[in-house]
Every structure is written in C-alpha cells, then in structure tokens.
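Peer 1: Taken in sequence, the protein lines are chains A and B.
Heads up: the first sequence runs through residues 2 to 107, numbered per my numbering.
Heads up: the second sequence runs through residues 331 to 443, numbered per my numbering.
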Amino acid sequence: KNEVEQSPQNLTAQEGEFITINCSYSVGISALHWLQQHPGGGIVSLFMLSSGKKKHGRLIATINIQEKHSSLHITASHPRDSAVYICAVVDDQFYFGTGTSLTVIP
Amino acid sequence: DGGITQSPKYLFRKEGQNVTLSCEQNLNHDAMYWYRQDPGQGLRLIYYSQIVNDFQKGDIAEGYSVSREKKESFPLTVTSAQKNPTAFYLCASRRTGTNEKLFFGSGTQLSVL
Chain A
2 KNEVEQSPQN
12 LTAQEGEFIT
22 INCSYSVGIS
32 ALHWLQQHPG
42 GGIVSLFMLS
52 SGKKKHGRLI
62 ATINIQEKHS
72 SLHITASHPR
82 DSAVYICAVV
92 DDQFYFGTGT
102 SLTVIP
Chain B
331 DGGITQSPKY
341 LFRKEGQNVT
351 LSCEQNLNHD
361 AMYWYRQDPG
371 QGLRLIYYSQ
381 IVNDFQKGDI
391 AEGYSVSREK
401 KESFPLTVTS
411 AQKNPTAFYL
421 CASRRTGTNE
431 KLFFGSGTQL
441 SVL
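See below:
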C-alpha cells in the first residue's frame, strides 16, 4: 500500500515548457512537502504546504485538502531544473512518494 | 552556516562487518531521522529520534541500530544482521512549528564488498 502516489514517474521537457507534477495521498495529513533531489543525492526542501498555494520564483505548489491532491508547477523550465522531485506528507510520520524524474532538454 | 553533515560519502562493508554512518547537525533541531533509499522506491524510515537519549524504530529497523547521546549527533550502525545493506542512506532533521521544514544531509552510499 502506497500512501503517496506521484505522476508521472518520468518526464522529459523542452527548455521553456510549463511542467506539472502531481501528488495524491491517502492518509490524513498536517502538511505536505515538495523536495528536490539532484544527481549526487542531496535533497533540498522546496515547499511546505498545509493549504492553498505557494510560489517561489518559477515554482508554484498547490494543495487541495478535500481531494487529497497537490501539484508542483515549474514555469519556463530550464535544464538546471533537471532533478527528481519528491512529494512527502506528514501525519504522525513522513510518507514519501517514489519521485518524478524530470529532464529538461536545452 | 547551519546544516546537516553526513560522512562518509561512500562506504564499503565486508561480510560480517558492522559499519557506522555519521550524522551531525548544528540546527538545534530535536527531531532527527534516518532513511534508506533504494532505486525506484520512496524513502523508507529506519529510525527516528524526537529528543536526546530517546529513539524509535521505523518501518525497516531490523539490522540497524542508532544512538542519540547528544542533540547534534545521530549515528547509524549497519550491523552484520542487515543482509542487504547496499543502498543510499539519508539523515534528516526537522524544524517543527508553523514554518515546518525538513533538512537533509548529502547522503552516504553504502556498498557491500
């Protein structure tokens, strides 16, 4: 049983394209996190959401609590956005999705 | 700068050997976590600690042990009982409250010789 499902698993885009990564979850949560993992393995936190929408530069994250769904959008994608994007939800512990591997081609 | 430091970056284990992965943080966080990452799978929780001198088993604790003698340090020992230890190991700490955030170390790749 997977508490967190992400789609797509892999995504290839041309530079400049608008990108959407989806996350659905099945548990009750207090918060949802979007994380970015670059080649080499280090993970950085992009957003923490408990409701609504957040924006940071070209990244936008939204969450719909009733539908148990979140999306991460990247506007004007760039090759440096190439990474694995991981959705994680929190109730009494963290549950992680398997990640979406994004490749942006120049 | 505050952060989490994991070492070593690469580690090789021989049969029957215990190895210890280091995790140090200077963020003053109470909560620390160890995760295992295998290809195509999400992060899986090995152990976590909410406070000094206390820790709890995660979903895949068998074959691993931890200690939390200091707030800054949360080392993970992979024992000889862990029969499939090859994986990428990540340590994390958590800032709680309204500005909740996870901070990760750069990871340790453990391989079996």
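C-beta atoms are modelled at their ideal positions from N, C-alpha and C, and glycine is treated no differently.
Assign G42 (chain A) to buried or exposed, taking buried as 16 or more other Cβ atoms, counted over all protein chains shown, within 10 Å of its Cβ.
Peer 2: Burial state of G42 (chain A) is buried, judged by a 10 Å Cβ sphere holding 16 or more other Cβ atoms.
Peer 1: Cβ of N11 (chain A) less than 9 Å from any chain E Cβ?
Peer 2: Chain labels in this structure do not include chain E; the protein chains are A and B.
Peer 1: With DSSP run on the structure shown, which of helix, strand or coil describes R81 (chain A)?
Peer 2: Per DSSP, reduced to three states, the secondary structure at R81 (chain A) is helical.
Peer 1: What residues from chain A crowd round S436 (chain B), counting only those whose CB sits closer than 7 Å?
Peer 2: G42 and G43
Peer 1: Identify, in the order they occur along the chain, each residue of the same chain with its Cβ nearer than 7 Å to the Cβ of S441 (chain B), setting aside the five sequence neighbours on each side.
Peer 2: F342 and T416
Peer 1: Which word fits S8 (chain A), buried or exposed, when buried means at least 16 other C-beta atoms lie within 10 angstroms of its C-beta?
Peer 2: exposed
Peer 1: State the CB to CB distance for the pair D394 (chain B) and L375 (chain B), rounded to an integer number of angstroms; the pair is presumed to be in contact (CB under 8 Å).
Peer 2: As written in the sequence, residue 394 (chain B) is Tyr, which differs from the Asp given in the question. Not a contact, Cβ separation roughly 11 Å.
Peer 1: Quick one: which chain A residues come within Cβ less than 9 Å of E354 (chain B)?
Peer 2: Within chain A, not a single residue places a beta-carbon under 9 Å from that of E354 (chain B); the smallest gap is close to 15 Å.
Peer 1: Run through the DSSP bridge pairs and tell me what H70 (chain A) is partnered with.
Peer 2: A:S25 and A:N65
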